[in-house]
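Heads up: the structure comes next, in structure tokens.
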Amino acid sequence: FQMTVSGRSTARHGYDHLAVEALTALRRIGGTAAVTEFARERVRSVIGHVRPAEGAHDVERAATDIATALSGAGYASSVEEAGTGLQICQHHCPVWNVASRFPELCAAEQEVVSEIVGTHVQRLATIAGGNCACTTNIPTGTVTVSDLAATIPAPADASASAPTAERTVR
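Residue numbers (the numbering used here): 0 to 169.
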């Protein structure tokens, strides 16, 4: 299931308001660096116990463990194959309203996920940014120049020379 913005707004609580006030005060007192450090500590409290990937062969296990830990914290997460990689999808975000005002929360999550899986990851979407899910792409495969060249259509004029990798890959 996926909760809509309308559904999220019907939940009665004052936690978001309190959290926004606390982070605003933290930023005023300690600057952006203090908010960033708080965000890192918070995400490490959720997924920091996950054993880091031990090489490329172990990334899927680490991603699955991250998704399990996130789900345990209320993020309704899953791991899906996507192209030459994996995607961790979070179908709910218990802090979306606060994260929409403090993007350091999402940035810290991306940073810690990257540390655990042992490679650069890319955040493709966030609930805090108005999307229906948070999606983090984890590349696991490699793309070679010959792979890229194979995706280039043949020239319309058969007498034209085929493009070279040097001309097509920039």
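The C-beta atom is built at its ideal place from N, Cα and C for all residues, glycine as well.
Beta carbon of residue i nearer than 7 Å to that of residue j
| i | j | result |
| --- | --- | --- |
| H76 | L69 | Note that residue 76 is Ser in the sequence shown here, rather than His. Closer than 7 Å, so yes. |
| R43 | V111 | yes |
| I137 | A62 | yes |
| I126 | W95 | yes |
Neighbour-count burial assignment, residue i, 16 or more Cβ in a 10 Å radius
| i | result |
| --- | --- |
| C92 | buried |
| E80 | exposed |
| A24 | exposed |
| A132 | buried |
| L17 | exposed |
| Q1 | exposed |
Residue i versus residue j: straight-line alpha-carbon distance, rounded
| i | j | result |
| --- | --- | --- |
| V4 | A55 | 37 Å |
| A66 | R60 | 10 Å |
| R39 | I115 | 13 Å |
| H119 | S113 | 5 Å |
| V19 | C105 | 15 Å |
| V58 | T139 | 7 Å |
| A72 | G30 | 27 Å |
| H90 | F101 | 19 Å |
| R26 | G82 | 39 Å |
| T35 | H48 | 20 Å |
Same chain, Cβ closer than 7 Å to residue i, neighbours up to 5 away in sequence not counted
| i | result |
| --- | --- |
| T134 | Q86, C88, L123 and A124 |
What are the start and end residues of each continuous alpha helix (DSSP H) run of 4 or more residues lying completely inside the segment 32-89, in chain order?
58-71
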